[in-house]
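For reference, the structure is listed below as structure tokens.
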Amino acid sequence: MQLEIRPDPAEVGRARRWARSRLAGSGIEADGPLAETLILLVSELVTNAVVHTGCAAVVRLSLPGAGPDAEGAGAGSASGSGSGEEGVVRLEVADRSGRAPVPRCVDGEATGGRGLALVDGLADRWGWSAEGGGKRIWCELDHLGGGCERGTAVYGGVAYQVV
-2 MQLEIRPDPA EVGRARRWAR SRLAGSGIEA DGPLAETLIL LVSELVTNAV VHTGCAAVVR
58 LSLPGAGPDA EGAGAGSASG SGSGEEGVVR LEVADRSGRA PVPRCVDGEA TGGRGLALVD
118 GLADRWGWSA EGGGKRIWCE LDHLGGGCER GTAVYGGVAY QVV
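First residue of the sequence shown: -2, per the working numbering; consecutive thereafter.
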């Protein structure tokens, strides 16, 4: 399943609402910690796409139990989307900018620049690949995984928690 977004900051809210609406039938509680983490990741990756590239983008979401037919024609990924993996939630944002995503080091007073740090701390896996004239940034969450409490991440000695 996918959503096309315009290079407009208002699209971030629309992408969050779209992602939350797709959780029904996936086995993920719409207001549970995994859903809240997913929505935060949608916010961060879509914000990066619309603010830093100035290009339209496509958001793709693969949920456990959705099956391959839920992806829609042409929505598959040449990078191996993992959509067939049971228990893995995969989020991808593809844009037409060839600029690589670069994590930034910011001080405590800065109001931005922490998006990729949050993605790194909250996602079980993330990465990016060049695709045509643009790129695809992806992250995955393990739905059935153990480990640290979902929704808490530590980056640079600072703990972030989805509440």
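Backbone N, C-alpha and C define an ideal beta-carbon position, used for all residues, glycine too.
Is isoleucine 25 helix, strand or coil when you go by DSSP?
-> coil
Starting from the C-beta of alanine 120, find all residues in its chain whose C-beta is less than 7 Å away, skip the five residues before and the five after it, and write them out in chain order.
-> Leu38, Cys136, Glu137, Leu138
Compare the C-alpha of valine 85 against each of Arg11, Ala32, Arg3 and name the closest.
-> Among Arg11, Ala32, Arg3, the Cα nearest to that of valine 85 belongs to Ala32.
Can you give the beta carbon distance from alanine 7 to arginine 17, rounded, assuming they're within the 8 Å contact cut?
-> The beta-carbon distance between alanine 7 and arginine 17, rounded to whole angstroms, is 17 Å. This is too long to meet the 8 Å contact definition.
Is any heavy atom of the ligand ZN found at a distance shorter than 7 Å from the C-beta of alanine 91?
-> As for the ligand ZN, it is missing from this structure, which has no ligand bound.
Apart from the five residues on each side of it in sequence, which residues of its chain come closer than 7 Å, Cβ to Cβ, to arginine 13?
-> Only residues of its own chain outside the window of five on either side were considered, and among them Ile36, Val39, Ser40 have a CB closer than 7 Å to the CB of arginine 13, listed in chain order.
Per DSSP, what kind of secondary structure is glutamate 106 in: helix, strand or coil?
-> coil
CB-CB length for leucine 88 against leucine 42, believed under 8 Å = Right, their Cβ atoms sit about 7 Å apart.
Exposed unless 16 or more other CB atoms sit within 10 angstroms - verdict on arginine 3 = exposed
So what's leucine 115 in DSSP terms, helix, strand or just coil?
-> helix
Would you grab the beta carbon distance between cysteine 52 and arginine 101 for me? Rounded to a whole angstrom, and I think it's under 8 Å.
-> Actually they are not in contact, since the Cβ atoms of cysteine 52 and arginine 101 sit about 20 Å apart, beyond 8 Å.
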